[in-house]
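S.K.: All you need for the working numbering is the position in the sequence shown, starting with 1, plus 9.
Built from N, CA and C at the ideal position, the CB exists for glycine as well.
Can you keep this structure in mind? I'll have questions shortly.
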Amino acid sequence: MSFTLNQFWKSVFIPIIFFPPSHLIHAQGLGPRTNLLSPIEVSGVAVQYVNLHQNISPSTIFSEQTTFEVNMLAVQGFHTFKLKNQFAQVVAAIIPSYSDLKLTENGSNESISFSSNGLADGYIGLKVGMIGTPALTVTKFPEHQSGFAMFSYLRLWYSGTYSSKEVLNLGSNRMTIQYIVPMAIPLNKNKERMTWLEISPNIRFFTNNTEPMSTSGKMKIKQKPLFTIENHLSHNFSKKFWVAANLEYAYGGRTVEDGIPNDNRINLLSASVSAGYKINPFFSISADYGKRVYGDNEIDSRMIRTTLVYSYFNTKKKNTK
């Protein structure tokens, strides 16, 4: 049978438009409402603006004497589909960026500034359902009672713009392998006023940068794995509006230059608040503000993020299982 626009509004809107796909920046996590089960056979694009003010580089390396002011416009495409009767999603992101770097020597009030523009590290990813994640078409999804859901999510980050002759690079000149186990727990059964707890432990492994900045005199930079865990508590106040409180803890990521470890391990707890609003059945918008709550070694971070999501489903497509 054919599928009407009114049916599309009721069934697709809440799971897809309200819950945008994964947020895109290394250190800023997935974000709230990204770990919930949604219908298959839906495609879309997410455009995200991120402003970071921190002493952690876009490639997640902490440097106490630096301050990064980074502006990113991330564009992500996504598509959901069935894989062995389970929900699955493929994603890909490209991230044009502009960054200012302020370098201050220890014990000095003087600083040197640099600027750079180009591409930050982007990624491709595959998310597959593991528990409580049946593959449901848009017509079948409204009949599903939300429950505990767990996914397996692999992202491969590729390097953005990089040159060893530059002091400031937006790319990392390496690959990052990130593995995430997102989980979503419904705290009530009211579909229009849902409350969700999302927990996403993940770990990143980094390949080596074998072409560090030429003036550093280094031959190879390694980085230890970085572990993070995200927590999001969100609630729908209406069909159109939701809010969330978020905590994220990150630990690890120390760099080793030519076999000598640096004192730049990340130990950071950050908190943020988020809100999302439905514009129409196909478009939604959300915003986040977050900052450091606790961190070692004068680590600091502040983030502002806005996301616009467009989702598409062929409303005339014949219903299938």
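1) When DSSP labels each residue in this structure, what does PHE150 get in the three-state scheme?
2) Where ILE133 and GLY299 are concerned, what is the direct C-alpha to C-alpha distance, given to the nearest angstrom?
3) Short of 7 Å in beta carbon distance, which residues of its chain neighbour SER279, apart from the five on each side in sequence? Order them along the chain.
4) What residues in its chain sit with their C-beta under 8 Å from that of THR264, if we drop five residues either side in the sequence?
5) With burial defined as no fewer than 16 other Cβ atoms inside 10 Å of the residue's Cβ, what is the status of ASN126: buried or exposed?
6) Nearest-angstrom Cα distance between PHE96 and VAL137?
7) Cα-Cα, which of SER66, ASN94, HIS62 and ALA102 is closest to VAL54?
8) Can you check DSSP and say which residues form a bridge with GLY86?
9) Could you check whether the region 314-324 touches the region 276-294, counting it as contact only if at least three pairs of C-beta atoms, one from each stretch, sit closer than 8 Å?
10) If we ignore side chains and look at the alpha-carbon of each, how far apart do SER173 and MET228 end up?
11) Between LEU235 and GLY268, how many whole angstroms is the CB-CB distance? I'm expecting something under 8 Å.
12) Would you mind reading off the limits of the beta strand (DSSP E) that contains TYR319?
13) For VAL190, I'd like the list of residues in its chain whose CB is within less than 6 Å of its CB, leaving aside the five on either flank, ordered along the chain.
14) Taking one C-beta from the region 140-148 and one from the region 171-188 each time, how about it: are there three or more such pairs within less than 8 Å?
15) Quick one: is LYS287 buried, meaning 16 or more other Cβ sit within 10 Å of its Cβ, or exposed?
16) Just reading off the beta strand (DSSP E) that GLY131 is part of, what are its end residues?
17) Per DSSP, which one or two residues make a beta bridge with ILE275?
18) Per DSSP, what kind of secondary structure is LYS200 in: helix, strand or coil?
19) On the three-state DSSP scale, how would you describe THR216?
20) Drop a sphere of 10 angstroms on the beta-carbon of THR13, count the other beta-carbons inside from all chains shown, and report buried for 16 or more, exposed for fewer.
21) To the nearest angstrom, report how far apart MET222 and GLN63 are at their CA atoms.
22) How far does the beta strand (DSSP E) with TYR167 in it reach, from first residue to last?
23) Please go through the same chain and pick out, in chain order, the residues whose beta-carbon is closer than 7 Å to the beta-carbon of ASN245, but skip the five residues on each side of it.
24) According to DSSP, is THR224 part of a helix, a strand, or is it coil?
25) For a test of the three-state rule: what should DSSP assign to MET184, helix, strand or coil?
26) Compute the distance between the beta-carbons of MET81 and VAL56, then report whether it is under 8 Å.
27) Output needed for ASN178: all residues of its chain with C-beta closer than 6 Å, excluding positions within five of it in sequence on either side, in chain order.
28) From which residue to which residue does the beta strand (DSSP E) around THR237 run?
29) Identify whether PRO143 lies in helix, strand or coil by the three-state DSSP scheme.
M.R.: Walking through what the data contain:
1) Along the sequence shown, one-based indexing puts residue 150 at 141. Correct three-state label for PHE150: helix.
2) The count along the sequence shown starts at 1 and reaches residue 133 at position 124. The count along the sequence shown starts at 1 and reaches residue 299 at position 290. The alpha-carbon atoms of ILE133 and GLY299 are separated by roughly 25 Å.
3) One-based indexing of the sequence shown puts residue 279 at position 270. Hits under 7 Å: GLU257, GLY299, LYS300, ARG301, VAL302 and SER310.
4) Numbered from 1 along the sequence shown, position 255 holds the residue referred to as residue 264. ILE70, ILE230, LYS231, GLN232, LYS233, PRO270, ASN271 and ASN273, listed in sequence order.
5) Taking the sequence shown and counting its residues from 1, the one referred to as residue 126 is at position 117. Its Cβ having fewer than 16 others within 10 Å, ASN126 is exposed.
6) As a first step, residue 96 is located in the sequence shown; it is residue number 87 there, counting from the start. As a first step, residue 137 is located in the sequence shown; it is residue number 128 there, counting from the start. If I take the Cα positions, the gap works out to 6 Å.
7) Numbered from 1 along the sequence shown, position 45 holds the residue referred to as residue 54. The candidate whose alpha carbon is nearest that of VAL54 is ALA102.
8) Taking the sequence shown and counting its residues from 1, one reaches residue 86 at position 77. DSSP, once it has assigned bridges, lists VAL54 and ALA101 as partnering GLY86.
9) yes
10) If you number the sequence shown from 1, residue 173 lands on position 164. If you number the sequence shown from 1, residue 228 lands on position 219. Approximately 11 Å between the Cα atoms of the pair.
11) Working through the sequence shown from its first residue, we reach residue 235 at position 226. Working through the sequence shown from its first residue, we reach residue 268 at position 259. Contact flag wrong, Cβ pair sits at about 20 Å.
12) Counted from its first residue, the sequence shown places residue 319 at position 310. Judged by DSSP secondary structure, TYR319 falls within the beta strand (DSSP E) whose first and last residues are 310-321.
13) For the purposes of this step, residue 190 is taken as residue 181 along the sequence shown, with counting starting at 1. Answer for VAL190: PRO210, listed in chain order.
14) no
15) Sequence index remark: in the sequence shown, residue 287 carries index 278 (1-based). With 16 or more other Cβ atoms within 10 Å, it is buried.
16) By one-based count along the sequence shown, residue 131 stands at place 122. Element bounds for GLY131: 120-140.
17) Within the sequence shown, numbered from 1, the residue matching residue 275 stands at position 266. The partner list for ILE275 (beta bridge, DSSP) reads GLY261.
18) Walking along the sequence shown from the start, residue 200 turns up at place 191. Three-state result, LYS200: helix.
19) In the sequence shown, the residue the question calls residue 216 occupies position 207. Look at THR216 here: in three-state DSSP terms it is coil, with no helix or strand label.
20) On the sequence shown, residue 13 is found 4 positions in, with the first residue counted as 1. Here THR13 scores only 49 on pLDDT, less than 50, and its place in the model should not be relied on; the value that follows carries that caveat. Label assigned to THR13: exposed.
21) Counting from 1 along the sequence shown, the entry for residue 222 is found at position 213. Counting from 1 along the sequence shown, the entry for residue 63 is found at position 54. Straight-line Cα distance between these residues: approximately 21 Å.
22) As a working note, residue 167 is residue 158 in the sequence shown. It spans 158-167 - the beta strand (DSSP E) in which TYR167 sits, taken as one unbroken run.
23) For the purposes of this step, residue 245 is identified with residue 236 of the sequence shown, where counting begins at 1. GLU201, ARG202, MET203 and TRP251.
24) For the purposes of this step, residue 224 is taken as residue 215 along the sequence shown, with counting starting at 1. In this structure, THR224 counts as helix in the three-state DSSP scheme.
25) The sequence position of residue 184 within the sequence shown is 175, counting from 1. In the structure shown, MET184 sits in coil (DSSP, three-state: anything other than H, G, I, E or B).
26) Mapped onto the sequence shown, residue 81 falls at position 72. Mapped onto the sequence shown, residue 56 falls at position 47. No, the pair does not count as a contact, with Cβ atoms beyond the cut-off.
27) As a first step, residue 178 must be located in the sequence shown, where it is residue number 169. In the same chain as ASN178, and ignoring 5 residues on each side of it, the C-beta atoms closer than 6 Å to its own belong to TYR171, in chain order.
28) Locating residue 237 in the sequence shown gives position 228, where the first residue counts as 1. First-last of the beta strand (DSSP E) with THR237: 235-245.
29) Taking the sequence shown and counting its residues from 1, one reaches residue 143 at position 134. Three-state result, PRO143: strand.
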